[in-house]
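Remarks on the structure that follows.
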Amino acid sequence: AEDEGSTSCLVVGTESQQVVILDASGFSIMVKETLPSVPAFICCSGLLDVEYRLIVACRTGSVYIIKNGKLIGTTIELEARPCAMAVSGKSIIVGCMQNILHSFHFKGKKNYSVHMPAPIHCIENMVTDKLASESLQLVALGNGEVRMYKGKALMSIVKNDDSVTAVRFGKYAREDSALLSTFKQGGLAIKLLSRNSNLTKSSVSAGPPPEQDMPLNVPKKTKLYVEQTQRERDHAVDMHRIFQRDLCKLRLNTARAYVRMLTDGQGQVSFTSTATLRINAEVRGLGPAYTIVITLSNSGSKQISGCPLLVKYNPNIYAVDRPLIDLPAIVPGPQYRFDIAITCVDRAGGCDAVQVCVCNPQSAIPVL
Numbered sequence: 124a125e126d127e128g129s130t131s132c133l134v135v136g137t138e139s140q141q142v143v144i145l146d147a148s149g150f151s152i153m154v155k156e157t158l159p160s161v162p163a164f165i166c167c168s169g170l171l172d173v174e175y176r177l178i179v180a181c182r183t184g185s186v187y188i189i190k191n192g193k194l195i196g197t198t199i200e201l202e203a204r205p206c207a208m209a210v211s212g213k214s215i216i217v218g219c220m221q222n223i224l225h226s227f228h229f230k231g232k233k234n235y236s237v238h239m240p241a242p243i244h245c246i247e248n249m250v251t252d253k254l255a256s257e258s259l260q261l262v263a264l265g266n267g268e269v270r271m272y273k274g275k276a277l278m279s280i281v282k283n284d285d286s287v288t289a290v291r292f293g294k295y296a297r298e299d300s301a302l303l304s305t306f307k308q309g310g311l312a313i314k315l316l317s318r319n320s321n322l323t324k325s326s327v328s329a330g331p332p333p334e335q336d337m338p339l340n341v342p343k344k345t346k347l348y349v350e351q352t353q354r355e356r357d358h359a360v361d362m363h364r365i366f367q368r369d370l371c372k373l374r375l376n377t378a379r380a381y382v383r384m385l386t387d388g389q390g391q392v393s394f395t396s397t398a399t400l401r402i403n404a405e406v407r408g409l410g411p412a413y414t415i416v417i418t419l420s421n422s423g424s425k426q427i428s429g430c431p432l433l434v435k436y437n438p439n440i441y442a443v444d445r446p447l448i449d450l451p452a453i454v455p456g457p458q459y460r461f462d463i464a465i466t467c468v469d470r471a472g473g474c475d476a477v478q479v480c481v482c483n484p485q486s487a488i489p490v491l
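Numbering-wise (this note's numbering), the sequence shown opens with residue 124 and increments by one.
Right under this line is the structure:
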C-alpha cells in the first residue's frame, strides 16, 4: 500500500512451489500461482486493486514475475543462487552468492553489476524526503560494512565491528530516517540520519586507489647493473638468437622424450607402430587399495581377438584380484574399459612398477 494506514495483504511462498496472497484478515486465499521452483525471496510492487507485480527469486537461481495474479514469460537467470533481493522503481536488485550485486529491468534486461568485497547478507531500499522519487540501496556485507549505492555508484560506507545479518531503514520514534542493524553476535544498532546530510554527493573518493600515489622503494642502480644493461644493449641480437636456439633445442628434446616414453609403454597412453591397439592406464586412489582403469581402443580397420590382458607386478608388494583378463573381440571405434583392483600388502609401504601388457598368443613378444 502507498499510505502507512492502508490495509496490507500477506504474500507467502510455500515449499510446494506456490505463491499465495491472503486477504487482510489472513484466513482466506485471494490469489494462488504455481512456480517452476521453490521461492526464496519475494518483493511486492504496486496496488492489489489496481496493478501489482510480485518478483520471486527461487532457489534454483531464477527470478520470476507475477503480474496481476498471472505468471508472465519474463524469466531472469542468475549466475549463482540469490541471497538477497529488493525492488526499486522498475528495477530488480539481486545479490548473488558470488558476491555480485545485479540490477535488472522488469523486462529482463540487465542494467549493471557490481562486485562486492564480502558476501552479501541483506539489501534494503533507502527512501527519504530528500531523494523525492529516487531511492538508494543499502547493502549489508559479511565484513561488517553497510554500503550505500545510488545505481552502481558508491555513495557512502558505514563500518561496524561485527558481521551484519539484517538491516531496516525507515521511521523510528520521532525520527523519519533511521537505520536498524542486527549483528551475528546478537547485537542491535540504531543509527539516525542527519538532517543536514547530502545524499546527492558521494563521500567515497572516485578514481584510482590512494596506493597509486605512493612512491615505490626502487633500489639504487649499482655498477654491476649498469654494466649488464650496457652489455644487453651491445649484444641484443646475439642474445636473442642464442635464446631462440636453446628454446628450439628444449622443445625438440621434450618431443623426443615424449615419443620415447610412449613407444616404451611407460606413459599413460601407449601404442606401437605395428599394432592398431591403443591402451590408456589411469590410477585412482591413494592407497593401500588402488584401482587401475584400463581403456583399450582399436584404431585400425579390422577387429582384434584372442589377445589376453596381463598385469605384471611384484607379488611381495602388491595383490591383484584379476592379473589375467581374457579380452573380447575388439572392433574398431568404441573404447573398452576394464577396472583392476590392486592392493599394497607390504607392511613397510614399499612400491614397485606395475606393467599392463596385451599378449599375443602366437608370439612371446607382447602386442602392446
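By construction, the Cβ of each residue, glycine as well, lies at the ideal position given by its N, Cα and C atoms.
Assumed close pair residue i, residue j - CB separation to whole angstroms, cut-off 8 Å
i    : j    : result
A209 : E247 : 7 Å
D462 : V416 : 6 Å
V269 : S304 : 7 Å
S300 : T251 : 5 Å
I402 : V481 : 7 Å
L400 : N421 : 6 Å
R176 : G169 : 6 Å
K474 : I440 : Per the sequence shown, residue 474 should be read as Cys rather than Lys. With a Cβ gap of about 7 Å, C474 and I440 count as contacting.
Residue range of the unbroken beta strand (DSSP E) whose run includes residue i
i    : result
Q478 : Q478 to V481
N248 : I243 to M249
F164 : P162 to G169
G136 : V134 to G136
T130 : Note, T130: premise wrong, no beta strand (DSSP E); not H, not E.
K155 : I152 to T157
L145 : Q141 to L145
Residue i and residue j closer than 9 Å at C-beta
i    : j    : result
A289 : A263 : yes
I465 : V434 : yes
G410 : C467 : yes
P457 : Q426 : no
P240 : M220 : no
V161 : E138 : yes
V186 : G136 : no
N234 : S258 : no
G265 : H244 : yes
A203 : I188 : no
P484 : P446 : no
L194 : V217 : no
N321 : F306 : no
N- and C-terminal bounds of the alpha helix (DSSP H) containing residue i
i    : result
K346 : K346 to D357
Closer than 9 Å to chain C by CB, residue i
i    : result
I440 : Any reference to chain C falls outside this structure, which holds one protein chain only.
If we require 4 or more residues per run, which alpha helix (DSSP H) segments fall completely within the segment 369-457? none
Do three or more CB pairs link the segment 272-280 to the segment 291-305 at distances below 8 Å? no
Those runs of the beta strand (DSSP E) which lie wholly inside the segment 264-331 and span at least 3 residues: 268-273, 276-282, 287-295, 298-306 and 311-315
Only counting runs of 4 or more residues, tell me where the alpha helix (DSSP H) segments fall wholly within the segment 173-241, in order along the chain. none
Does the count of Cβ pairs from the segment 468-477 and the segment 369-381 closer than 8 Å reach three? no
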